[in-house]
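Asker: Chains as they are written, first to last, in this note's numbering: chain A, 1 to 461; chain B, 1001 to 1343. Backbone N, C-alpha and C fix where the C-beta goes; we use that ideal spot for every residue, glycine too. Shown below is the structure under consideration.
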Amino acid sequence: MAFTEYDFLVFFLILLAAYWLIKRRAWQNALLLLASYIFYAWVHPWYALLLGFSTLFDYFLALAIAARRDRTKSLLTISLLLNVGVLAFFKYFDFFAADISRLLIRLHLAPDGTLLQILLPLGLSFFTLKKIAYVVDVSRGTLEPERDLTAFGLFVAFFPQLLVGPIDRAQNLIPQIQSDRVWKPEYFKRAWPLLLMGFFKKIVIADTIRSAVDRVFVLGEPSPLLILAATLAFMFQLLADFSGYTDISRGLACLFGFDTPENFRAPFTAATPAQFWDRWHITLSTWLRDYLYFPLGGSRVSTARHYFNLLFTFFICGLWHGAGWNYVVWGLYFGALSVIYRALGMGRDWKPSRRITYWVARVVMFLLLLVAFLFFRIPSLDWLAGALTGGTFTGSAQSVVAALVTLSTGLVYAIPMLVKHEMDRRLPSTSILFDIYFALAALGILLYVNSGAADFIYAQF
Amino acid sequence: MRFFLKYLALLLLSLAGLTWYIPFHYDMEYPQPAGPRFTDEIRKIHARIIEENHVEVVLVGDSTLDRSVDETLFSEVIGQRAHMIRIPASSTALWYLVLKNILIGETTNPPDTMILMFRDTILTLPDYHVSGGRETEIDEYATANEDFVVQTAYLNFMNPLEIAAEQYLPLYGARRRITDSIESYSRALLPGLFLSCGVECSARTFGDVFINIENINPDFSQGVLMGEEENLYTSRALNFDAQIGRSFLPELIRLARESGINLIFVHARTLTFPNLESQPDGLAEYKSKLFAYLAQNNVAVLDYSFDPRLPPEYFADPLHMNAQGQAVFSRILGEDIRNLIPR
């Protein structure tokens, strides 16, 4: 069930009414847990079985770790092996299956048809990271294991976050699950702008830009200029799509009385890779920092080891995103950028005294991001190589017009996001301009909504 | 909360203004009937060919028909004048309109036989291939009064909110026209500024570069083709008992019978499932129910699903035959049809 579907609207309204009619916290949690499993099982019921078994496994394992501190290491290893193993099996089977299949064809051996039919359960990448963080924190002694199975189950399966995050931490969500919740108008006050902006970004901005971008990446040999134009448009599409999802997720959670973390803070205004990752998919980057980069030693090691840690962390980040060599290159590219910027002394807190230097750094970073997102979006590295070597940079006169057509759509539809960003920065929240903006956004949704809305991009990861 | 109320007041005010302005601007009724509105004009070329050539057999189908049957060769084999109405990506809504409005409605002497080529569950999926560009195609065969088609192919698949919005919110009802116009202007903004290429020039380039099938990566176009085909094998599509009552099939049979047209269904051979074993769960059961239904209604059906005379070498892609396959199949089909048509 996607947030943009009519089925979801009906499901959500019934659930919300029932949830607030029930006064007891235990029943509210049980209802939310049941609803989360129904939400998840809507397409493939066996997904819910996988979610249920893996939740039970980590629930008992965390309790065992707390009870047997002498066996923490082995129990943690079991949990990591299982969680990463399941994720790797579903996520990367296709990755290798395609290569194995090609090899078999070259050897004139027919590949088994079932090889390519392993479906990735939606949201697996997201809830697996949630569970790993929980078990690691319990093993470190920084978190008490949750004894209430319903509360733990809800932490893992909480439906607003289940498919595409944010990757919430137990320290944030479980205490809220364990607190009494009574309806407050405050929840609605915080939720409605998030929901409105989320649907606006998804339905009006992301889906419209998508139709322009997708047309380029299905061409046989588009010119490099056309690819760059489409990539630029894609950057805004992805931001609108993913931040839109996060806004909806946070808005929905808010209506149930939960405060969940944000994922984006104007990422394309970053001046360094470290600043970018402080603002882009924040819950993933902080997860990678806390559960991979720091355990590897972070920056408190030799320079060479520090650089390796950066490269390795981003390599894993690329692999997490998908089964394709382009994601590996994407991750390593970010790793290499981070190493170079660190070597130049341009880290997270870097801010030059001269304004012009800062602006130049932002433009350079934006151009570097353009290359990164090119790797992220291309169908394959072979396709990119073919397009780059196929002809001149601009291609034919028609291709130049096509590049401008694509860029035009991307930029025109990105303008409302840029306007909102500037309004948030410069205007008081009580300004009438916000009312006008939201009213126009609602009209835009009405104009662009249709029952065949595309899936959120990050749902595929 | 005052912030929300201010916003809501603004929204309602704008909606009220647009509800007054849009019907006036686009010359729309209010409330507008839900579902697509078709114009009264019908494409008459097929009716003219049928009339002028005294066509006796008409074949109707999508691109699988187009690529698997050679009209001239087929006519020679059956010894009667045949005409093919092949509309790529068409489906039952359009085939029903071809029978009702072209073969019956527009000809003084309807053909004796209509051969309808289909595959798998397409005959009982009334909402398959009816939206987007296909809606425009359907309009070419529809009159302004197609309540049955609108209900069967569209309204039955719209939720109550959508139906109410289409009727009472002109902004929603006219959304396609409005967004098309916004999109064409936004596409032309930069080409217009830098290359003096305005709305028309940008639209032309858009069509030449992005809609031209020759520019599309073949792997991708095949992927899209097969992705579309997946809609034929969902659990809903495979549920014959639930689908038959809401499909165009009973009406197709009734109309043909009442007009004295001999209706013959032909199940195309494709490589989506090249043999019996590769079929998804439920397809074999679906087909047996479909064939039983057709037999019960005295409608002939020829099934080439797994015909060994049509090996994979005869196919250009999983759905379409190559020239060699077309030549062979035209002859096979012609010989089988010859035995089923009045002489």
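Can you tell me whether residue 1136 of chain B is helix, strand or coil according to DSSP?
Answerer: If you number the second sequence from 1, residue 1136 of chain B lands on position 136. Of the three classes helix, strand and coil, the one that applies to residue 1136 of chain B here is helix, per DSSP.
Asker: Establish whether the CB of residue 435 of chain A and some CB of chain B are separated by less than 7 Å.
Answerer: For the purposes of this step, residue 435 of chain A is taken as the residue at position 435 of the first sequence. Yes, residue 435 of chain A lies at the interface with chain B (some Cβ there is under 7 Å from its Cβ).
Asker: Does the distance from the C-beta atom of residue 391 of chain A to that of residue 236 of chain A stay below 7 Å?
Answerer: As a first step, residue 391 of chain A must be located in the first sequence, where it is residue number 391. As a first step, residue 236 of chain A must be located in the first sequence, where it is residue number 236. No, they are not a contact pair.
Asker: CA-CA distance, residue 952 of chain B and residue 450 of chain A?
Answerer: This structure cannot settle anything about residue 952 of chain B, because the visible part of chain B is limited to 1001 through 1343.
Asker: Hey, is residue 408 of chain A's beta-carbon within less than 7 Å of any beta-carbon in chain B?
Answerer: Walking along the first sequence from the start, residue 408 of chain A turns up at place 408. Answer yes: the Cβ-Cβ gap between residue 408 of chain A and chain B drops below 7 Å somewhere.
Asker: Verify the CB distance criterion: does residue 1006 of chain B have a CB-CB separation below 7 Å to chain A?
Answerer: Here residue 1006 of chain B refers to the residue found at position 6 of the second sequence. Interface residue, yes.
Asker: At a CB-CB cut-off below 7 Å, which residues of chain A make contact with residue 1215 of chain B?
Answerer: What you label residue 1215 of chain B is simply residue 215 of the second sequence in a count that begins at 1. Residues of chain A passing the Cβ test: 219 and 220.
Asker: Taking the beta strand (DSSP E) that residue 1262 of chain B belongs to, which residues open and close that run?
Answerer: The count along the second sequence starts at 1 and reaches residue 1262 of chain B at position 262. 1262-1267 is the span of the beta strand (DSSP E), which, as asked, contains residue 1262 of chain B.
Asker: Could I get the ranges of all uninterrupted beta strand (DSSP E) runs contained in the stretch 1206-1277 of chain B, with 3 residues as the minimum, in chain order?
Answerer: DSSP runs (the beta strand (DSSP E)) wholly in the stretch 1206-1277 of chain B: 1262-1267.
Asker: Could you compute how far the alpha carbon of residue 1301 of chain B sits from the alpha carbon of residue 36 of chain A?
Answerer: As a first step, residue 1301 of chain B must be located in the second sequence, where it is residue number 301. As a first step, residue 36 of chain A must be located in the first sequence, where it is residue number 36. In a straight line, the C-alpha of residue 1301 of chain B is about 47 Å away from that of residue 36 of chain A.
Asker: Check the Cβ of residue 1179 of chain B against every Cβ in chain A and list those closer than 9 Å, keeping chain order.
Answerer: Here the question's residue 1179 of chain B lines up with position 179 in the second sequence. Those are 208, 447 and 448, listed as they occur along chain A.
Asker: Using a Cβ-Cβ distance under 7 Å, would residue 438 of chain A count as near chain B?
Answerer: The residue labelled residue 438 of chain A in the question sits at position 438 within the first sequence. Yes, residue 438 of chain A counts as interfacial toward chain B.
Asker: Could you please give me the residues that DSSP links to residue 1083 of chain B through a beta bridge?
Answerer: Position 83 of the second sequence, counted from the start, is the residue given in the question as residue 1083 of chain B. Beta-bridge pairing links residue 1083 of chain B to B:1058.
Asker: 7 Å is my cut-off, CB to CB: does residue 404 of chain A come that close to chain B?
Answerer: By 1-based counting over the first sequence, the position of residue 404 of chain A is 404. Judged by the 7 Å Cβ criterion, residue 404 of chain A is in contact with chain B.
Asker: Contact between the stretch 212-225 of chain A and the stretch 396-405 of chain A: three or more CB pairs below 8 Å?
Answerer: Yes, they touch.
Asker: Considering just the uninterrupted stretch of the beta strand (DSSP E) at residue 1306 of chain B, what are its terminal residues?
Answerer: What you label residue 1306 of chain B is simply residue 306 of the second sequence in a count that begins at 1. Careful: residue 1306 of chain B lies outside any beta strand (DSSP E) and carries neither H nor E.
Asker: May I have a chain-ordered list of the alpha helix (DSSP H) segments no shorter than 4 residues that lie completely inside the stretch 1083-1133 of chain B?
Answerer: Listed in chain order, they are 1092-1097.
Asker: Would the beta-carbon of residue 1175 of chain B fall within 7 Å of that of residue 447 of chain A?
Answerer: Reading the second sequence from its first residue, position 175 is the one you call residue 1175 of chain B. Reading the first sequence from its first residue, position 447 is the one you call residue 447 of chain A. Yes.
Asker: Check the Cβ of residue 1117 of chain B against every Cβ in chain A and list those closer than 7 Å, keeping chain order.
Answerer: Start at 1 with the first residue of the second sequence, and residue 1117 of chain B comes out as number 117. The premise fails here: residue 1117 of chain B is roughly 27 Å from chain A at the closest Cβ pair, so nothing lies under 7 Å.
Asker: Tell me which residue opens and which closes the alpha helix (DSSP H) that residue 465 of chain A is part of.
Answerer: Not covered by the structure: residue 465 of chain A. The range shown for chain A is 1 to 461.
Asker: Comparing alpha-carbon positions, which option in A:19, A:268 and A:444 lies nearest residue 474 of chain A?
Answerer: Because chain A in this structure spans residues 1 to 461, residue 474 of chain A falls outside the shown range and cannot be described.
Asker: With distances taken Cα to Cα, identify the nearest neighbour of residue 155 of chain A among A:259, A:199 and A:67.
Answerer: The residue you call residue 155 of chain A lines up with position 155 of the first sequence. Closest by alpha carbon: A:259.
Asker: Apply the 10 Å Cβ neighbour rule to residue 26 of chain A and answer buried if 16 or more other Cβ atoms are within range, or exposed otherwise.
Answerer: In the first sequence, counting from the first residue as 1, residue 26 of chain A sits at position 26. Flag for residue 26 of chain A reads exposed.
Asker: Interface residues of chain A around residue 1236 of chain B at Cβ under 7 Å?
Answerer: For this step, residue 1236 of chain B is matched to residue 236 along the second sequence. Those do not exist, as residue 1236 of chain B stays about 13 Å from chain A at its closest Cβ, beyond 7 Å.
Asker: Taking only the alpha-carbon atoms, compute the straight-line gap between residue 353 of chain A and residue 57 of chain A and give it to the nearest angstrom.
Answerer: Against the first sequence, residue 353 of chain A aligns to sequence position 353. Against the first sequence, residue 57 of chain A aligns to sequence position 57. Rounded to the nearest angstrom, the two C-alpha atoms are 53 Å apart.
Asker: Looking only at its chain, what residues have a beta carbon closer than 7 Å to the beta carbon of residue 1238 of chain B, apart from the 5 residues adjacent to it on each side?
Answerer: The sequence position of residue 1238 of chain B within the second sequence is 238, counting from 1. Closer than 7 Å at the Cβ level, and outside the excluded window around residue 1238 of chain B, lie 1121, 1282, 1283 and 1286.
Asker: At the 7 Å Cβ level, is residue 266 of chain A part of the contact set with chain B, yes or no?
Answerer: Locating residue 266 of chain A in the first sequence gives position 266, where the first residue counts as 1. Cβ-Cβ to chain B under 7 Å: no for residue 266 of chain A.
Asker: Can you tell me whether DSSP reads residue 1310 of chain B as helix, strand or coil?
Answerer: Mapped onto the second sequence, residue 1310 of chain B falls at position 310. Three-state DSSP puts residue 1310 of chain B in coil, outside helix and strand.
Asker: On the premise that residue 1051 of chain B lies in contact with residue 1108 of chain B, defined as a C-beta separation below 8 Å, what is that separation, rounded to the nearest angstrom?
Answerer: The residue you call residue 1108 of chain B lines up with position 108 of the second sequence. The residue you call residue 1051 of chain B lines up with position 51 of the second sequence. Yes, they are in contact, since the Cβ atoms of residue 1108 of chain B and residue 1051 of chain B sit about 7 Å apart, within 8 Å.
Asker: DSSP state of residue 1341 of chain B, grouped into three classes?
Answerer: On the second sequence, position 341 is the one that residue 1341 of chain B refers to. Of the three classes helix, strand and coil, the one that applies to residue 1341 of chain B here is coil, per DSSP.
Asker: In whole angstroms, what is the alpha-carbon distance linking residue 417 of chain A and residue 233 of chain A?
Answerer: Reading the first sequence from its first residue, position 417 is the one you call residue 417 of chain A. Reading the first sequence from its first residue, position 233 is the one you call residue 233 of chain A. Looking at the two C-alpha atoms, the distance is approximately 13 Å.
Asker: If you pair each beta-carbon of the stretch 1072-1086 of chain B with each one of the stretch 1326-1337 of chain B, do three or more pairs fall below 8 Å?
Answerer: Yes, the stretch 1072-1086 of chain B touches the stretch 1326-1337 of chain B.
Asker: Consider the Cβ of residue 1191 of chain B: report whether some Cβ of chain A lies at a distance smaller than 7 Å.
Answerer: Within the second sequence, numbered from 1, the residue matching residue 1191 of chain B stands at position 191. Yes, residue 1191 of chain B lies at the interface with chain A (some Cβ there is under 7 Å from its Cβ).
Asker: Find out if the Cβ-Cβ distance for the pair residue 318 of chain A, residue 327 of chain A is shorter than 7 Å.
Answerer: For the purposes of this step, residue 318 of chain A is identified with residue 318 of the first sequence, where counting begins at 1. For the purposes of this step, residue 327 of chain A is identified with residue 327 of the first sequence, where counting begins at 1. The answer is yes: Cβ separation under 7 Å.
Asker: Decide if residue 1016 of chain B is buried, meaning its Cβ has at least 16 other Cβ atoms within 10 Å, or exposed.
Answerer: To locate residue 1016 of chain B, count along the second sequence from 1; it is residue 16. So residue 1016 of chain B ends up on the exposed side.
Asker: Assuming residue 65 of chain A contacts residue 72 of chain A under a Cβ cut-off of 8 Å, what Cβ separation, rounded to an integer in Å, is found between them?
Answerer: What you label residue 65 of chain A is simply residue 65 of the first sequence in a count that begins at 1. What you label residue 72 of chain A is simply residue 72 of the first sequence in a count that begins at 1. Between residue 72 of chain A and residue 65 of chain A the Cβ distance is about 5 Å, and since that is below 8 Å, they are a contact.
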